[in-house]
Amino acid sequence: DSGVTQTPKHLITATGQRVTLRCSPRSGDLSVYWYQQSLDQGLQFLIQYYNGEERAKGNILERFSAQQFPDLHSELNLSSLELGDSALYFCASSARGQAVSGANVLTFGAGSRLTVL
Amino acid sequence: DQQVKQNSPSLSVQEGRISILNCDYTNSMFDYFLWYKKYPAEGPTFLISISSIKDKNEDGRFTVFLNKSAKHLSLHIVPSQPGDSAVYFCAASKGGAGSYQLTFGKGTKLSVIP
């Protein structure tokens, strides 16, 4: 158990629908990152939050949005779903979001597998 | 534009032998490189990292080598064990102020044959 909790583990929905994925970071971690892994693709960075504020955006579609709440859990909202949105969505957390010496090691959850039919 | 590339989708190695996984990058601003291991139905787990000012970092059976001039790094696993069978991701991060998200390669699936 990495300490990062993601729900739901699996989700099947139809095109055009909206879903919400939830992530609870490891205790004490202030940064939350969302990544998407599609078939045969690496982990694509979507968005990062640090202590409730958006810190960086990657290849996140306009149909997707996220937020981090005061208790530091985060939600990723995916709307107007398309077949191509089927993927594994990972949440990761780290203790910090800015420059400190050493590698910024991200701890990942087990992922949420989204299937859009 | 893939900034971190793992050109071998898969690798098979006999138990007890050395496994060498390779990674190339294009962005000279990367200051840390990390390797993650991923088993099916689990999230990636951190394995080992190296700073861009070093050329080698070792942790037990795992050693990462960095050739900055060639923008290339490799992960050596010696000796390889069946439990090492997993997908290995190379990742990199940029220094300076701002976010510290990791940029990942597509992964290499390692199979260690007993």
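The listed protein sequences correspond, in order, to chains A and B.
If you want the numbering used here, it's the position in the first sequence, counting the first as 1, plus 1340.
If you want the numbering used here, it's the position in the second sequence, counting the first as 1, plus 26.
Beta carbons: idealized from backbone N, C-alpha and C, even for Gly.
The distance from the Cβ of B/Lys132 to that of A/Gln1381 is about 6 Å, consistent with a contact at the 8 Å cut-off. With 16 or more other CB atoms across the displayed protein chains lying within 10 angstroms of its CB, B/Ala118 is buried. Taking 7 Å as the cut-off, the beta carbon of A/Thr1360 is found closer than this to the beta carbon of A/Glu1415. When secondary structure is reduced to three states using DSSP, A/Leu1423 falls in the helix class. Annotated three-state conformation of B/Asp110 is helix, per DSSP. The beta carbon of B/Gln40 does not come within 7 Å of any beta carbon belonging to chain A, so the residue lies off that interface.
By the criterion of a C-beta distance shorter than 8 Å, A/Gly1392 is surrounded in its chain by Gln1408, Phe1409, Pro1410, Leu1412, once the five residues flanking it on both sides are discounted.
Annotation: B/Glu68 is outside any beta strand (DSSP E) and is labelled neither H nor E by DSSP. The beta carbon of B/Ser34 sits no closer than 7 Å to any beta carbon of chain A.
Residue contact with chain A for B/Glu68: present (Cβ-Cβ distance below 7 Å to some residue of chain A). Pairing A/Ile1352 with A/Leu1454, the inter-Cα distance amounts to about 6 Å. Closer than 7 Å to the CB of B/Gly131 there is at least one CB belonging to chain A.
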